[in-house]
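Visitor: In this note's numbering, the protein residues as written are 826 to 1141.
Where is the CB? At the ideal position from N, CA and C, for every residue including glycine.
Nothing here was measured: the structure is a model prediction, and the numbers come from that model.
Can you read through this structure? Questions will come right after.
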């Protein structure tokens, strides 16, 4: 009987099929493609920020740091940073405070009304921010707006809303809160509902107050969820474009002209594409540094919530 090498290879238990060998590469392929898809536009943005590229002319030349120096000299850029920080601060603080409070109320109460509220609170997340802004513009209209009619009951007439530089920020933050606060509620509520029951039962037997339970049990254990919600909302607020652009396009004047709207106007309205790229890259740096700090806090809160921090402290 002739010896067949192919049959011997098939019967060899040590032979690894090619699909098994390729499996790690197939698993890594999507993430590699996504990474390339992110790095290539990012590298192109850095490159074109050193050029004179515009939509007006087909040719462009290398101008070095001219776009960057002009940006740092422009008072509008520093104003845009200030607007970006203020908007992100107010929107995030309001949404996190309301989200935490409502999540605690819904998490500690179980009845038909709270179940109904949990469903209703998800509705704003189904509406695009630009569409939500248009709805709010109709609601705040001085002629037919339902909110204007409500204020008339208390003797307040012709409230300026987004038409005045003193109330434009308030109006934009109000719309942002309506759209995105349910996201915070859902994340924190999920964390509350996943908490173990035994520590709270022990605290109840020992006569612990509601404030004691919240400060020493609930809050430390849901901090990872709070930091996750904070991470997403702060990053989105720093980059907010759709609500501000749909509401006033950055006005009145330059009241709501944050970095995103400023970059859009510079790149598309004024057709200075290369000059808008440094603004976008500065915004990326701000978001990246902020996100890193929150991630560090989240990692530490996870250790505390799981008890690993205490265990490591005891070992040391």
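Distance check for residue 863 and residue 851, CA to CA, integer angstroms please.
Guide: Near 19 Å, if we compare the C-alpha coordinates of residue 863 and residue 851.
Visitor: Whole angstroms are fine: how far does the CA of residue 1052 sit from the CA of residue 1126?
Guide: Each residue's alpha carbon lies about 8 Å from the other.
Visitor: Does the distance from the C-beta atom of residue 908 to that of residue 1081 stay below 8 Å?
Guide: Closer than 8 Å, so yes.
Visitor: For residue 887, does the three-state DSSP call read helix, strand or coil?
Guide: Reduced to three states, the DSSP call for residue 887 is strand.
Visitor: Closest to residue 1027 by C-alpha separation, out of 1036, 1016, 1042, 967, would be which residue?
Guide: If we check each option's Cα against that of residue 1027, 1042 comes out closest.
Visitor: Residue 845 by DSSP, collapsed to three states: which one?
Guide: Correct three-state label for residue 845: helix.
Visitor: According to the Cβ coordinates, are residue 1100 and residue 892 closer than 8 Å?
Guide: For residue 1100 and residue 892, yes; Cβs fall inside 8 Å.
Visitor: Write down every uninterrupted run of the alpha helix (DSSP H) in the segment 932-976 whose length is 4 residues or greater and which is fully enclosed by it, in chain order.
Guide: Those alpha helix (DSSP H) runs which fall completely within the segment 932-976 and span 4+ residues are 937-945, 954-964.
Visitor: Residue 1000 to residue 971, Cα distance in whole Å?
Guide: Whole-angstrom Cα-Cα distance: 15 Å.
Visitor: Per DSSP, residue 876 forms a beta bridge with which residues?
Guide: According to DSSP, residue 876 bridges with 887.
Visitor: In three-state DSSP terms, what is residue 990?
Guide: Residue state, collapsed to three classes: coil.
Visitor: Quick one: is residue 896 buried, meaning 16 or more other Cβ sit within 10 Å of its Cβ, or exposed?
Guide: Residue 896 is buried by the Cβ-count criterion.
Visitor: Give me the residue from 1085, 1096, 1093, 1109 with the minimum Cα distance to residue 901.
Guide: Closest option to residue 901, Cα to Cα, is 1085.
Visitor: Would the beta-carbon of residue 913 fall within 8 Å of that of residue 1063?
Guide: Taking 8 Å as the Cβ cut-off, residue 913 and residue 1063 qualify as a contacting pair.
Visitor: Tell me which residues share the same chain as residue 1066 and place their Cβ nearer than 6 Å to its Cβ, disregarding the 5 neighbours each side in the sequence.
Guide: The residues are 1085.
Visitor: What number of angstroms, rounded off, separates the C-alpha of residue 1087 from the C-alpha of residue 1025?
Guide: Rounded to the nearest angstrom, the two C-alpha atoms are 50 Å apart.
Visitor: Would you tell me roughly how many angstroms separate the C-alpha atoms of residue 928 and residue 963, rounded to the nearest one?
Guide: Distance between the alpha carbons of residue 928 and residue 963: 29 Å.
Visitor: Please confirm whether residue 884 and residue 1097 have their CB atoms less than 8 Å apart.
Guide: In this structure, residue 1097 does not lie closer than 8 Å to residue 884 by Cβ.
Visitor: Is it the case that the Cβ atoms of residue 1123 and residue 1056 are separated by a distance below 8 Å?
Guide: In contact: residue 1123 and residue 1056 (Cβ atoms closer than 8 Å).
Visitor: For residue 935, does the count of other Cβ atoms within 10 angstroms reach 16, so buried, or fall short, so exposed?
Guide: The residue in question, residue 935, is exposed, as its Cβ has fewer than 16 Cβ neighbours within 10 Å.
Visitor: Return the CA-CA distance between residue 848 and residue 840, expressed in angstroms with no decimal places.
Guide: Whole-angstrom Cα-Cα distance: 15 Å.
Visitor: Which ranges does the alpha helix (DSSP H) cover as unbroken runs of at least 4 residues, wholly within the segment 1017-1063, from first to last along the chain?
Guide: 1023-1030, 1035-1038, 1044-1063, all fully within the segment 1017-1063.
Visitor: So which of 1071, 1032, 1061 has the shortest CA-CA distance to residue 1115?
Guide: The option with the nearest alpha carbon to residue 1115 is 1061.
Visitor: Only counting the same chain, and skipping five residues up and downstream in sequence, which positions put a Cβ closer than 7 Å to that of residue 950?
Guide: Closer than 7 Å at the Cβ level, and outside the excluded window around residue 950, lie 1007, 1008.
Visitor: Quick check on residue 1073: does DSSP put it in helix, strand or coil?
Guide: Correct three-state label for residue 1073: coil.
Visitor: What residue range is occupied by the uninterrupted alpha helix (DSSP H) comprising residue 1118?
Guide: Per DSSP, residue 1118 belongs to the alpha helix (DSSP H) from 1098-1131.
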